[in-house]
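What follows is a single structure, written as structure tokens, with notes after it.
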Amino acid sequence: MSARDRLTDGLYGAGWGTVKKLPEPAAVRLGRTIADVAWKRRGAGVRRLESNYARVVPGASPERLAALSRAGMRSYLRYWMESFRLPAWSTGRIKGGFAPDDLHHLTDGMDAGKGVILALPHLANWDLAGAWVTTRLGIPFTTVAERLKPETLYDRFVAYREGLGMEVLPHSGGTAFGTLARRLRDGGLVCLVADRDLSASGVEVDFFGETARMPAGPALLAQQTGALLLPVTLWYDDSPVMRGRVHPPVEVPESGTRSEKTSVMTQALADAFATGIADHPEDWHMLQRLWLKDLDPAKAPRAAAGQGDAS
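Numbering follows the UniProt record's numbering, with no gaps: position 40 of the sequence shown is 40.
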């Protein structure tokens, strides 16, 4: 392991080992301080965040974008402070930490016994939402995690999420899709963060007026298993309780090829994500390149919609 990898792993380890022991007000202050320092330094992540917000809020002045990126960094660090502390939260704290609207879409779908896919963008704290589902609703679910370097850091994230009641599959390796399909056919729940394609083989969508690519996995799983596909958006307000909304189901088109159906369904997901992101742009933690115009063409070839994975 390189010195940089050891440092990265050590920093995350210190977060889970130290931050979770802090009183909540102290953790909130620490997160805000780190966010403000990072924002003032205007590193690559902050600049990319502002560039992405410029798509979400067209016509925003430089002052407005700067204010958004500062709020975005504070939201991003709130996510990390909460995530470091989640393993130490009481059952009552987790149950009271999230208040979703239109939950009936999920509960009705689970009662139908055909399986449910929840697809989320990088909004607010998707780990907290997952912990709430396993704790408050008592519903276990399966998800997919990106392979991180060093391997020890990936192992930390897997252990962390498994400790919250999630079954975690590696994004790479080619076996995740089949396992997810089996879970859904058994009437289970699958949760996928689905606003950024990690495979370079996803579906091109119109997203805030420009072309981006999102994973085909959620739409393909719904087609192959008959599971319900539900977009979910999350946001923070001024309280300690995260808010969210379960959107109406994305229907499988009655006609068309698999590729055409996947394209239509993934666009519907993108539209639902865009609604939530436009309403709460500061809670969208997209510090990476997303739109095709921003990607290196050599690393982002156009791909057929039917070839995506379940990232």
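Here a beta-carbon is modelled for each residue, glycine too, at the ideal position from N, C-alpha and C.
Nearest to residue i by CA position, among the options, is which residue?
i, options, result
"residue 46", "293, 199, 294, 288", "288"
"residue 224", "208, 253, 168, 86", "253"
"residue 128", "206, 68, 240, 169", "240"
"residue 216", "226, 270, 249", "270"
"residue 80", "272, 218, 19", "19"
"residue 251", "86, 13, 264", "264"
"residue 184", "143, 99, 30", "143"
"residue 125", "180, 60, 40, 244", "244"
"residue 237", "99, 208, 258", "99"
"residue 226", "182, 242, 259", "182"
"residue 286", "242, 61, 121", "121"
"residue 76", "35, 290, 171", "35"
"residue 208", "41, 29, 59", "59"
"residue 39", "136, 135, 294, 67", "67"
"residue 197", "178, 235, 290", "290"
"residue 15", "160, 259, 258", "160"
List the whole-angstrom C-beta distance separating residue i from residue j, where the pair is believed to meet the contact cut-off of C-beta under 8 Å.
i, j, result
"residue 165", "residue 131", "7 Å"
"residue 187", "residue 113", "4 Å"
"residue 275", "residue 211", "With a Cβ gap of about 19 Å, residue 275 and residue 211 do not count as contacting."
"residue 156", "residue 13", "7 Å"
Count the other C-beta atoms from every protein chain shown that fall within 10 angstroms of the C-beta of residue i, then say buried if there are 16 or more, exposed otherwise.
i, result
"residue 261", "buried"
"residue 23", "exposed"
"residue 146", "exposed"
"residue 195", "buried"
"residue 310", "Residue confidence is low: residue 310 scores 38 on pLDDT, short of 50, so the model does not pin down where it sits. Its coordinate-derived value is still stated next. By the 10 Å Cβ count, residue 310 comes out buried."
"residue 17", "exposed"
"residue 26", "exposed"
"residue 53", "buried"
"residue 56", "buried"
"residue 11", "exposed"
"residue 83", "buried"
"residue 50", "buried"
"residue 308", "Low confidence applies here, because residue 308 scores a pLDDT of 34, under 50, leaving its location unreliable and the question unanswered by this model."
"residue 37", "exposed"
"residue 109", "buried"
"residue 175", "exposed"
"residue 268", "buried"
"residue 266", "buried"
"residue 107", "exposed"
"residue 111", "exposed"
"residue 33", "exposed"
Taking C-beta to C-beta, are residue i and residue j nearer than 8 Å?
i, j, result
"residue 102", "residue 246", "yes"
"residue 248", "residue 105", "yes"
"residue 31", "residue 78", "yes"
"residue 218", "residue 229", "yes"
"residue 272", "residue 231", "yes"
"residue 292", "residue 213", "yes"
"residue 180", "residue 221", "yes"
"residue 162", "residue 140", "no"
Check whether chain D comes within 8 Å of residue i, counting only Cβ atoms and requiring the distance to be less than that.
i, result
"residue 107", "Structure shown: chain D not included; a single protein chain is present."
Examine the ligand NAP and report whether any of its heavy atoms sits within less than 7 Å of the Cβ of residue i.
i, result
"residue 199", "Of ligands this structure carries none, so the ligand NAP is not represented either."
Does the region 66 to 80 come within contact of the region 269 to 282, defined as at least 3 CB pairs closer than 8 Å? Under the three-pair Cβ rule at 8 Å, the region 66 to 80 counts as touching the region 269 to 282.
Counting pairs of beta carbons, one from the region 85 to 96 and one from the region 40 to 59, are three or more of them closer than 8 Å? The answer is no - the region 40 to 59 does not touch the region 85 to 96, with fewer than three Cβ pairs under 8 Å.
Can at least three beta-carbon pairs, one atom from the region 197 to 206 and one from the region 79 to 91, be found at a separation below 8 Å? With a cut-off of 8 Å, the region 79 to 91 and the region 197 to 206 do not count as touching, because too few Cβ pairs lie within range.
Are the region 177 to 192 and the region 105 to 120 touching by the rule of at least three beta carbon pairs closer than 8 Å? Yes, the region 177 to 192 touches the region 105 to 120.
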